[in-house]
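Residue numbers (the working numbering): 46 to 318.
Beneath this line is the structure, given in structure tokens, with notes to follow.
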Amino acid sequence: MSKRMTIDVDGLGASYLTAGEPGWPTVLLLHGTYWSRVWLPVIDGLAAAGLRPVAVDLPGLGRSEGELTAASATVPALAGWVARFAEALGVAGPLAVAGHDIGGALAQHLLAGDGPQVRRLALVNSVTYDSWPVPGVARYRDPDVVAATTAAELRAARLTAVTTALARPATEAELADYVDPWSDQRVCRSWMALAGAADSRYTLDLVPALKSDPTPKLLIWGEDDTFQEIRYAERFAAEMPATTLVRIPEAGHIPMENDPATVTRALADFFLE
46 MSKRMTIDVD GLGASYLTAG EPGWPTVLLL HGTYWSRVWL PVIDGLAAAG
96 LRPVAVDLPG LGRSEGELTA ASATVPALAG WVARFAEALG VAGPLAVAGH
146 DIGGALAQHL LAGDGPQVRR LALVNSVTYD SWPVPGVARY RDPDVVAATT
196 AAELRAARLT AVTTALARPA TEAELADYVD PWSDQRVCRS WMALAGAADS
246 RYTLDLVPAL KSDPTPKLLI WGEDDTFQEI RYAERFAAEM PATTLVRIPE
296 AGHIPMENDP ATVTRALADF FLE
């Protein structure tokens, strides 16, 4: 059964969902403009397959302590934080990483940057190339928009985004669970800092390195995603070596919610290979 735990990173509590046993192969699961909740549908299945999934909340987001700023919310800064989180967790050896949404940019940066070695990389409806930021995120680059946005307005906007991303009917309780962190003004400020720091140069700059990197890569993509269209996944799979694309029909931006069994199986087979 999945459980929520906390570990100290940089003097603050980092919250994460996990299952399985400490000695099992660890897979870091990174979120983007949502939080660790997006990985919940596959956590137990990955553990049943013999993995130790760890879905962490980035600082200031989800259930983690702290607050992001314009400087600490950039992709390189957050990738560095993930590396420190992995070190605090005691993850030895090259990392196995999966990233969703902007979390995929962090995962790509971990692979192609100067940080810890990555042995396998999975991207799930991730930002790539110049596919981001989408308009609903890019608007928070404007300081006037940030200053004028109330917590209630941001929560309502996130509710709309989650409803679209799920691409299926959802109960009021489920939607409330998804947007619950945005009841906290600190989380709202952190999220707007993350949105304001969103910049496609962080993925475009990695393209040359990714094109020459032989590390095994897996793309899992909801075909009906209106935020990160599958054409970007098709391009990535065609251009990057050792890349496999798994398409999830009738799934949106969070395919873990639409077809958890297929997503779980694809991730487990890839990371246990």
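We treat Cβ as the ideally placed atom computed from N, Cα and C, and that holds for glycine.
- By the criterion of at least three beta-carbon pairs nearer than 8 Å, the stretch 97 to 115 is not in contact with the stretch 165 to 183.
- In this structure M237 is buried. Its beta-carbon is surrounded by 16 or more other beta-carbon atoms within 10 angstroms.
- In this structure, G58 sits away from S81, with a CB-CB distance that is not shorter than 9 Å.
- Residue A313 holds the alpha-carbon nearest to the alpha-carbon of D89 among T208, A313 and E318.
- Here V83 has H76, H145, I299 and M301 as same chain residues with Cβ atoms under 7 Å from its own Cβ, once five neighbours each way along the sequence are excluded.
- With a cutoff of 9 Å on beta-carbon distance, T289 and F316 are scored as not near each other.
- Residue environment for S235: buried (at least 16 other C-beta atoms within 10 angstroms of its C-beta).
- One thing to note: A311 has its Cβ no nearer than 9 Å to the Cβ of L239.
- For I88, the enclosing alpha helix (DSSP H) covers residues L85 to A93.
- For the set D229, F272, E268 and T271, the Cα lying nearest the Cα of G111 is the one of D229.
- A Cβ-Cβ contact shorter than 9 Å links T119 with Y247.
- Counting the other CB atoms within 10 Å of its CB gives R165 a total of 16 or more, which places it among the buried residues.
- A122 places its beta carbon less than 9 Å from that of A116.
- By the Cβ-count criterion, A167 is buried, with 16 or more other Cβ atoms from all chains shown falling within 10 Å of its own Cβ.
- Between L151 and V179, the C-beta gap is not smaller than 9 Å, which leaves the two residues out of contact.
- One alpha carbon belongs to I147, the other to F272, and they sit about 11 Å apart.
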